[in-house]
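J.: Sharing a structure below in structure tokens format, with a few things to ask.
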Amino acid sequence: MSTSIQSAIWRPAASEGDARAQPAADSVKLRVEDATKYYHTSTGSVHALESVSFDVRAGEMVCVLGPSGCGKTTLLWSMAGLHPLTSGRILIDGASVTKPHPKVAMMFQEANLLPWRSLIRNIELPFEIKYLKVADHRERIDALLQRVGLAGFDHKYPRELSGGMQQRASIVRSLAVDPSIMLMDEPFGALDAFTRDEMNLLIQRIWMDTGKTIIFITHNIAEAIFLGDRIVVLSPRPGRLSRIFSIDFERPRQLDLVTKPHFIELLVEIKRSIDHSGGKGTSAVD
Amino acid sequence: MDKALQDQIPTFGKSDKAAQEVGLSNWSALTSGPGVRTWLEVAAIALVAVVIVGGAEILLTVFEVPQYILPTPSKIVTALIVDFRFIGPHIVITVEELLAGFAIGGAIGFVLAAVITQFPFVEKIITPYIILLVTTPMLALVPLLILRFGFGSEPRIIAIALAVGPMVMINSATGFRRTDLAKIALARSFGASTLQIFLKIRVPMAMPMIIVGLMVGSIFGLLTAVGAEMVGGAEGLGNRLAYYSSLIRMPQFFAVILVLALIGISIYVLFFWIGKKWASWEA
Numbered sequence: 001m002s003t004s005i006q007s008a009i010w011r012p013a014a015s016e017g018d019a020r021a022q023p024a025a026d027s028v029k030l031r032v033e034d035a036t037k038y039y040h041t042s043t044g045s046v047h048a049l050e051s052v053s054f055d056v057r058a059g060e061m062v063c064v065l066g067p068s069g070c071g072k073t074t075l076l077w078s079m080a081g082l083h084p085l086t087s088g089r090i091l092i093d094g095a096s097v098t099k100p101h102p103k104v105a106m107m108f109q110e111a112n113l114l115p116w117r118s119l120i121r122n123i124e125l126p127f128e129i130k131y132l133k134v135a136d137h138r139e140r141i142d143a144l145l146q147r148v149g150l151a152g153f154d155h156k157y158p159r160e161l162s163g164g165m166q167q168r169a170s171i172v173r174s175l176a177v178d179p180s181i182m183l184m185d186e187p188f189g190a191l192d193a194f195t196r197d198e199m200n201l202l203i204q205r206i207w208m209d210t211g212k213t214i215i216f217i218t219h220n221i222a223e224a225i226f227l228g229d230r231i232v233v234l235s236p237r238p239g240r241l242s243r244i245f246s247i248d249f250e251r252p253r254q255l256d257l258v259t260k261p262h263f264i265e266l267l268v269e270i271k272r273s274i275d276h277s278g279g280k281g282t283s284a285v286d
Numbered sequence: 001m002d003k004a005l006q007d008q009i010p011t012f013g014k015s016d017k018a019a020q021e022v023g024l025s026n027w028s029a030l031t032s033g034p035g036v037r038t039w040l041e042v043a044a045i046a047l048v049a050v051v052i053v054g055g056a057e058i059l060l061t062v063f064e065v066p067q068y069i070l071p072t073p074s075k076i077v078t079a080l081i082v083d084f085r086f087i088g089p090h091i092v093i094t095v096e097e098l099l100a101g102f103a104i105g106g107a108i109g110f111v112l113a114a115v116i117t118q119f120p121f122v123e124k125i126i127t128p129y130i131i132l133l134v135t136t137p138m139l140a141l142v143p144l145l146i147l148r149f150g151f152g153s154e155p156r157i158i159a160i161a162l163a164v165g166p167m168v169m170i171n172s173a174t175g176f177r178r179t180d181l182a183k184i185a186l187a188r189s190f191g192a193s194t195l196q197i198f199l200k201i202r203v204p205m206a207m208p209m210i211i212v213g214l215m216v217g218s219i220f221g222l223l224t225a226v227g228a229e230m231v232g233g234a235e236g237l238g239n240r241l242a243y244y245s246s247l248i249r250m251p252q253f254f255a256v257i258l259v260l261a262l263i264g265i266s267i268y269v270l271f272f273w274i275g276k277k278w279a280s281w282e283a
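Residue numbers (the numbering used here), protein chains in the order written: chain V, 1 to 286; chain A, 1 to 283.
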């Protein structure tokens, strides 16, 4: 198994390593430019992000990694158009994001299914909101349900499903509208370790089959290395871009990757870099 | 061994929170708990009912309690059947007034609840008036309303609406305030407009409290209907109560009370089943 590891530091210097870490301009799907965000709360101002900039290439899986307080969720919400940046901007296909983009789907830390609707009605929610006809997409929905292992659970209610099944349902909901970008905010954090491994394999499989651009937030270094083409590391308070690592393990990655020496070396290196930049809350393997 | 622990292992974490929230199926001591499970429990309930009614019959007869104080259950039921043609039309009138006042008061209450939860400033303005309406027994206003609107149904319907409205409003507003930011963020991320979020997220989420509000409002409305009819007007069950008690025809008087109790129970059961259908996801 080829195991070249490269860590590239983001700075505008021309070197071999940088070319790998920063994608070519014409294939950039999503660009973060100088993203800065201040929250105004009742107790004062919170500086969540400071001048974060990086690009995401079409079809890439980028993991955003960092301890709590590094603004990962804030960044993702800005990409989703849910709240505005104080300064800087986010560009999708060259256009600035001011409100939720129709081709972007978001997944949250919990499955976030509506408890008063059955599974299939939950999956139909985005279609209702966007005024699309579900019938046109019926085949894709059925195929997705089949693939995540929820075929036949159409009429179950969320309370009848386990956490893992609910999160799978929300994967189907996100993919059913055929987005080109998926934003995932620690979607497997609430699941137990076994289920999380399964879900990581599932996401990798889906990503490899569909070629979507995925931005995946996690605080779990092993998960980030397993899933990502590149890892964007943010340091906390305020959230700043710390480093970008390029991950070159070949695909599809198997679960036993986490036991390989090169994987462990990379994990240790990433952890050390996070600890140095002030983040004490990152877990290596959770 | 503790019976409560025997059937379930508690799950720690977020799922517990939902079980504690007040919803239609656990909002009072009357409706909490697993409910009737075996024929034995049904038999026990029936037995107690028989004991109470039969016991009342026996005790009232044995102690020769005069009929003008408290008639025996058998006399009450007999009076209801024999005099039904005198009582029946008034049932219709009372129920019609209740429905009309409930529809008006409930609709206004619901709309107001939606408005004040969207615009917090409006809430600050109208809260004092709402509290005034809740604390003032509407019966006291009926004579004034009769002066203005005459002796027909209108004053009573208005009084009923004024009694129902605040109840529906307060409970619905409580329901709307239970925002779940995650669900709203979810809908927004798909591009939902504010109206879509209201209809698809806020209203279903508030539904248990809305139904509680409707149920409590309708009971208040029934009380106000009967009271208003007693105070003024020539028709309705409240009027019958005043009529029979003035003639000291107590079996008929209590027969009307029995009818009112049955109406109240029907309202309760109706909303309980509505809640089961529309709000059971909370259970």
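For glycine and all other residues, C-beta sits at the position ideal for the given N, C-alpha and C.
Can you find the residues in the same chain that come closer than 8 angstroms, C-beta to C-beta, to D154 (chain V), ignoring five residues on each side of it along the sequence?
T.: The beta carbon of D154 (chain V) is closer than 8 angstroms to those of S118, L119, I120 and L145 in its chain, skipping five residues each way along the sequence.
J.: Quick one: measure Cβ to Cβ for I211 (chain A) and A279 (chain A), integer angstroms, because I've assumed they're closer than 8 angstroms.
T.: 6 angstroms
J.: Between A206 (chain A) and chain V, is there a C-beta pair that is closer than 8 angstroms?
T.: no
J.: Please report how far the alpha carbon of E123 (chain A) lies from the alpha carbon of F198 (chain A), in whole angstroms.
T.: E123 (chain A) and F198 (chain A) have their C-alpha atoms roughly 18 angstroms apart.
J.: Taking C-alpha atoms, which residue in V:D34, V:T73, V:R147 and V:L30 lies nearest to G289 (chain V)?
T.: Any question about residue 289 (chain V) goes unanswered here, given that chain V covers just 1 to 286.
J.: Check H155 (chain V) in the structure and name its three-state DSSP category.
T.: DSSP places H155 (chain V) in coil when its eight states are reduced to three.
J.: Ignoring anything shorter than 3 residues, give me the beta strand (DSSP E) runs that lie fully in the region 74-110 of chain V, in order along the chain.
T.: Listed in chain order, the complete beta strand (DSSP E) runs (minimum 3 residues) inside the region 74-110 of chain V are 87-92 and 104-107.
J.: Give me the residue from V:L266, V:Y38, V:T210 and V:E198 with the minimum Cα distance to I231 (chain V).
T.: V:L266
J.: On the DSSP letters alone, give me the boundaries of the alpha helix (DSSP H) that V48 (chain A) sits inside.
T.: W39 to V62
J.: Just the Cα atoms here: how many angstroms apart are Y244 (chain A) and V226 (chain A)?
T.: 14 angstroms
J.: Please report how far the alpha carbon of P251 (chain A) lies from the alpha carbon of L80 (chain A), in whole angstroms.
T.: 8 angstroms
J.: Do you know how far the Cα of W77 (chain V) is from the Cα of F121 (chain A)?
T.: 28 angstroms
J.: Taking 8 angstroms as the CB-CB cut-off, is E50 (chain V) touching chain A?
T.: Chain A, which has no Cβ nearer than 8 angstroms to the Cβ of E50 (chain V), makes this no.
J.: So with CB distances below 7 angstroms, who are the chain A contacts of K130 (chain V)?
T.: F190 and G191
J.: Got a sec? Which residues, its chain only, sit under 8 angstroms from L125 (chain V) by beta carbon, not counting five neighbours each side?
T.: L114, R117 and R173
J.: Would you mind giving the Cβ-Cβ distance between I215 (chain V) and V97 (chain V), rounded to the nearest angstrom? I have them listed as a contact below 8 angstroms.
T.: At roughly 13 angstroms, the Cβ-Cβ gap does not stay under 8 angstroms, so I215 (chain V) and V97 (chain V) are not in contact.
J.: Are the CB atoms of G109 (chain A) and G165 (chain A) nearer to each other than 8 angstroms?
T.: yes
J.: Should the region 251-260 of chain A be regarded as contacting the region 133-141 of chain V, the criterion being three or more beta carbon pairs within less than 8 angstroms?
T.: With the rule of 3 Cβ pairs closer than 8 angstroms, the region 251-260 of chain A does not count as touching the region 133-141 of chain V.
J.: How far does the alpha helix (DSSP H) with E285 (chain A) in it extend, from its first residue to its last?
T.: Since the first and last residues shown for chain A are 1 and 283, residue 285 (chain A) lies out of range.
J.: Name the residue from A:A192, A:R177 and A:G232 whose alpha carbon lies nearest to the alpha carbon of V115 (chain A).
T.: A:R177
J.: Check this for me: beta carbons of A161 (chain A) and G105 (chain A), under 8 angstroms apart or not?
T.: yes
J.: Taking 8 angstroms as the threshold (C-beta atoms), are D229 (chain V) and M106 (chain V) in contact?
T.: Result no, Cβ atoms of M106 (chain V) and D229 (chain V) do not sit closer than 8 angstroms.
J.: Counting only runs that start and end within the region 237-263 of chain A, where is the alpha helix (DSSP H) found for 4 or more residues in a row?
T.: 237-246
J.: Smallest Cα separation from E139 (chain V): which of V:A176, V:K103 and V:V32?
T.: V:A176
J.: What does a CB cutoff of less than 7 angstroms around S180 (chain V) pick up in its chain, not counting 5 residues either side in sequence?
T.: K103, K212 and T213
J.: Using CA coordinates, which residue listed in A:L98, A:I170 and A:R156 is at the minimum distance from L132 (chain A)?
T.: A:I170
J.: Quick one: what does DSSP say D287 (chain V) is sitting in, helix, strand or coil?
T.: Since the displayed chain V opens at 1 and closes at 286, residue 287 (chain V) lies outside it and no answer follows.
J.: Tell me which same chain residues have a C-beta within less than 8 angstroms of the C-beta of I248 (chain A), skipping the five on either side of it?
T.: For I248 (chain A), same chain residues with a beta-carbon under 8 angstroms away, outside a window of 5 residues either side, are Y68 in chain order.
J.: Give a yes or no on whether the minimum CB-CB distance between L30 (chain A) and chain V is below 8 angstroms.
T.: Low local confidence applies: a pLDDT of 47 at L30 (chain A) is under 50, so the model's placement there is unreliable, and no value is given.
J.: If you count every other CB in all the chains shown that lies within 10 Å of the CB of Q166 (chain V), and 16 or more means buried, which is it?
T.: When all chains shown are included, Q166 (chain V) counts as buried.
J.: Cα-Cα, which of A:G221, A:V82, A:A187 and A:D180 is closest to I263 (chain A)?
T.: A:G221
J.: Can you look up R117 (chain V) in the DSSP assignment and give me helix, strand or coil?
T.: coil
J.: Mind checking A21 (chain V): buried by the 16 CB within 10 Å criterion, or exposed?
T.: Only weak support exists for where A21 (chain V) lies, its pLDDT of 49 falling under 50; the value from the coordinates is given anyway. Counting Cβ neighbours within 10 Å, A21 (chain V) comes out buried, since at least 16 surround it.
J.: Classify F194 (chain V): buried if its beta carbon has 16 or more other beta carbons within 10 angstroms, exposed otherwise.
T.: In the assembly as shown, F194 (chain V) is an exposed residue. Its beta-carbon has fewer than 16 other beta-carbons within 10 Å.
J.: Using only CA atoms, which one of V:G164, V:R237, V:A224 and V:I206 lies nearest to D178 (chain V)?
T.: V:I206
J.: Closest Cβ-Cβ distance between E269 (chain V) and chain A: below 8 angstroms?
T.: no
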